[in-house]
Amino acid sequence: MSERFVLEDTAYGQLAEHIENTYPEEACGILIGNIDEKRIYDISETFNLESDRPQTNFSIDPLEIYRLEKDNKEVVGFYHSHPNKTTNLSTKDKEHLVPGVLNLIFSVTNNGVVDMKAYIKEKPEATEVIEEQVRVHI
Numbered sequence: 019m020s021e022r023f024v025l026e027d028t029a030y031g032q033l034a035e036h037i038e039n040t041y042p043e044e045a046c047g048i049l050i051g052n053i054d055e056k057r058i059y060d061i062s063e064t065f066n067l068e069s070d071r072p073q074t075n076f077s078i079d080p081l082e083i084y085r086l087e088k089d090n091k092e093v094v095g096f097y098h099s100h101p102n103k104t105t106n107l108s109t110k111d112k113e114h115l116v117p118g119v120l121n122l123i124f125s126v127t128n129n130g131v132v133d134m135k136a137y138i139k140e141k142p143e144a145t146e147v148i149e150e151q152v153r154v155h156i
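Just so you know, the sequence shown maps onto residues 19 to 156 in the numbering used here.
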């Protein structure tokens, strides 16, 4: 397993708050930091564009990524929640993982965030998804 990603506690707090406030719908957003240092220090909450089934699907406006990069912010990855489900990848998650960046999935219930897992798909043609380690830096 490779070196761990570090999630700064302020970013984790923002993530948890966004995910809990969006429950029972799927929350989604963008992780900001430094991919070379494997560090996440901020997030950008995004609106879930999936209006038909927001409890089980999510979609992020690609212009959100453009806006962040235009502001010289480095996109390290993406996150979304699984309301009342585990952090295991769904078939749809596996198909739509963005390669080369971190993908965080949070399990959330009416009691709050209960678990977090991180995944990376190294190349677009890859069928294997690697589970990554993420440490919350307090």
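Glycine included, each C-beta is placed from N, C-alpha and C at the ideal position.
All of these numbers come straight from a predicted model, not from anything done at the bench.
How about Val152 and Arg22: are their beta carbons less than 8 Å apart?
-> Reading the sequence shown from its first residue, position 134 is the one you call residue 152. Reading the sequence shown from its first residue, position 4 is the one you call residue 22. Closer than 8 Å, so yes.
What number of angstroms, rounded off, separates the C-alpha of Arg85 from the C-alpha of Thr127?
-> Numbered from its first residue, the sequence shown carries residue 85 at position 67. Numbered from its first residue, the sequence shown carries residue 127 at position 109. Computed Cα separation, rounded: 31 Å.
With C-beta atoms as the reference, is Lys135 less than 8 Å away from Thr105?
-> Residue numbering aside, residue 135 sits at position 117 when the sequence shown is read from its first letter. Residue numbering aside, residue 105 sits at position 87 when the sequence shown is read from its first letter. Taking C-beta atoms as the reference points, Lys135 and Thr105 count as a pair closer than 8 Å.
Close beta carbons around Tyr157, own chain, < 7 Å, minus the five adjacent residues each side = A query on residue 157 cannot be resolved here, the shown segment of the chain reaching from 19 to 156 and no further.
At a cut-off of 7 Å, is Asn90 close to the ligand FMN when judged by its beta-carbon and the heavy atoms of the ligand?
-> By its list of ligands, the structure shown contains no ligand whatsoever, and the ligand FMN lies outside what it can speak to.
Which runs of the beta strand (DSSP E) spanning at least 3 residues fall entirely within the segment 93 to 130, listed in chain order?
-> For the segment 93 to 130, the continuous beta strand (DSSP E) assignments of 3+ residues that do not extend past its boundaries occur at 93 to 101, 120 to 127, in sequence order.
Assuming Asn121 and Phe96 make a contact with CB atoms under 8 Å, what is their CB distance in whole Å?
-> In the sequence shown, counting from the first residue as 1, residue 121 sits at position 103. In the sequence shown, counting from the first residue as 1, residue 96 sits at position 78. Right, the Cβ-Cβ distance comes to about 6 Å (below 8 Å), so this counts as a contact.
Quick one, which of Val119, Gly118, Ile58, Glu44 has its alpha-carbon nearest Arg71's?
-> Translated into the one-based positions of the sequence shown, residue 71 becomes position 53. For Arg71, the nearest C-alpha among the options comes from Glu44.
If we count the other Cβ atoms within 10 Å of its Cβ and call it buried at 16 or more, is Glu150 buried or exposed?
-> Sequence index remark: in the sequence shown, residue 150 carries index 132 (1-based). Glu150 comes out buried.
Identify which residue in Asn39, Asn75, Asn52 has its Cα closest to the Cα of Glu63.
-> The residue you call residue 63 lines up with position 45 of the sequence shown. That would be Asn39, whose Cα lies nearest to the Cα of Glu63.
Endpoints, the beta strand (DSSP E) within which Thr64 is located | Residue mapping note: residue 64 aligns to position 46 of the sequence shown, counting from 1. 57 to 64 is the extent of the beta strand (DSSP E) around Thr64.
If you check the beta carbons only, do Ile58 and Glu35 fall under 8 Å apart?
-> The count along the sequence shown starts at 1 and reaches residue 58 at position 40. The count along the sequence shown starts at 1 and reaches residue 35 at position 17. 8 Å or more divides the Cβ of Ile58 from the Cβ of Glu35.
Burial state of Gly47, where buried means 16 or more other Cβ atoms lie within 10 Å = Translated into positions along the sequence shown, residue 47 becomes position 29. A residue is called buried once 16 or more other Cβ atoms fall within 10 Å of its Cβ, and Gly47 is buried on that count.
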